[in-house]
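K.L.:
Numbering of the sequence shown is given in the working numbering, commencing with residue 22 and proceeding in unit increments. Using N, Cα and C, we set each Cβ at its ideal position, and we do this for glycine too. Supplied in structure tokens, the structure appears directly below.
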Amino acid sequence: MAATCHHAVLAKIKSDYGASYLPLQAVDKLTGALFQRPPLISVVKQQLRVRTICESKLLKYDHKRNMEEVFRQQRFQQMTILPHPQW
């Protein structure tokens, strides 16, 4: 069963790109199917997960601090967690 998740992301740009950095183009690249790397220390099999970002909007961009605030709508699979029989 698919569900959607809405959240805001606050990102700091590591270097000052000046006028050549276009935040709207960077946000548009983060829409669609993206790969998510699992943690390095994991009990389960490590494999890339596909996350689908349905919508991304740039809310604010601060040139002085190189900070941007992005709204994302993410689609993910809901998993049912069953309790252990001994609990």
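Between the C-alpha atoms of Gln-131 and Ile-62, what's the straight-line distance to the nearest angstrom?
P.N.:
Because the chain here runs from 22 to 108, residue 131 falls outside it and cannot be looked at.
K.L.:
From which residue to which residue does the alpha helix (DSSP H) around Lys-50 run?
P.N.:
Translated into the one-based positions of the sequence shown, residue 50 becomes position 29. Note, Lys-50: alpha helix (DSSP H), 44-50.
K.L.:
Run through DSSP, which three-state label would Thr-68 get?
P.N.:
For the purposes of this step, residue 68 is taken as residue 47 along the sequence shown, with counting starting at 1. Per the sequence shown, the amino acid found at residue 68 is Gln instead of Thr. Note: Gln-68 maps to coil in three-state DSSP.
K.L.:
I need the straight-line Cα distance from Met-88 to Val-64, nearest angstrom please.
P.N.:
Residue 88 sits at position 67 when you count from the first residue of the sequence shown. Residue 64 sits at position 43 when you count from the first residue of the sequence shown. Spanning the two alpha carbons is a distance of roughly 35 Å.
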